[in-house]
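Engineer:
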Amino acid sequence: MLLLQKERPLNIEEYIAEHIVTISKKYNQINTFVSLENNAVSVTDVVAQHECKLDSFGKALNCGSLENVHTSELITSMVQHRLLRPDCIKSGWILVDYPNNADDVKHFFQMLIIPKM
1 MLLLQKERPL NIEEYIAEHI VTISKKYNQI NTFVSLENNA VSVTDVVAQH ECKLDSFGKA
61 LNCGSLENVH TSELITSMVQ HRLLRPDCIK SGWILVDYPN NADDVKHFFQ MLIIPKM
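For the sequence shown, the UniProt record's numbering gives the first residue as 1, with consecutive numbering after it.
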């Protein structure tokens, strides 16, 4: 459940104490389907792998690092490439370190990649 700033409880600790059973049930449901060990996709790791491989993404990253610029579109394309691999399509995924800004969110949702559970 996403709480907007105006809906945020005044005392977070009290809210958690009152709703701990509901929170734990939701966590258990999520944990049943996915695990960080098997489903985490770290964008930092994806970027590092492409930088080491010097494939097309790695070359684009190197050009961008010379100018200290990595475009949101490039990072989004790398994420899309990773999420379309069979392990992510079959088992789902949890993104770590992404999205970082409004452009990332916009580009990510334009991809419309939804894990199959």
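From the three backbone atoms N, C-alpha and C, an ideal C-beta is built for every residue, glycine too.
Rounded to a whole number of angstroms, what is the C-alpha to C-alpha distance between K90 and V41?
Structural biologist: 14 Å
Engineer: Where residue 197 and E14 are concerned, what is the direct C-alpha to C-alpha distance, given to the nearest angstrom?
Structural biologist: There is no way to answer for residue 197, as the model of the chain reaches only from 1 to 117.
Engineer: Should S56 and H107 be called a contact, given that it needs their Cβ atoms to be closer than 8 Å?
Structural biologist: No. Outside cutoff.
Engineer: Are there 16 or more other CB atoms within 10 angstroms of the CB of R85, so buried, or fewer, so exposed?
Structural biologist: exposed
Engineer: Would you mind sorting T76 into buried or exposed? The rule is 16 or more other CB atoms within 10 Å of its CB.
Structural biologist: buried
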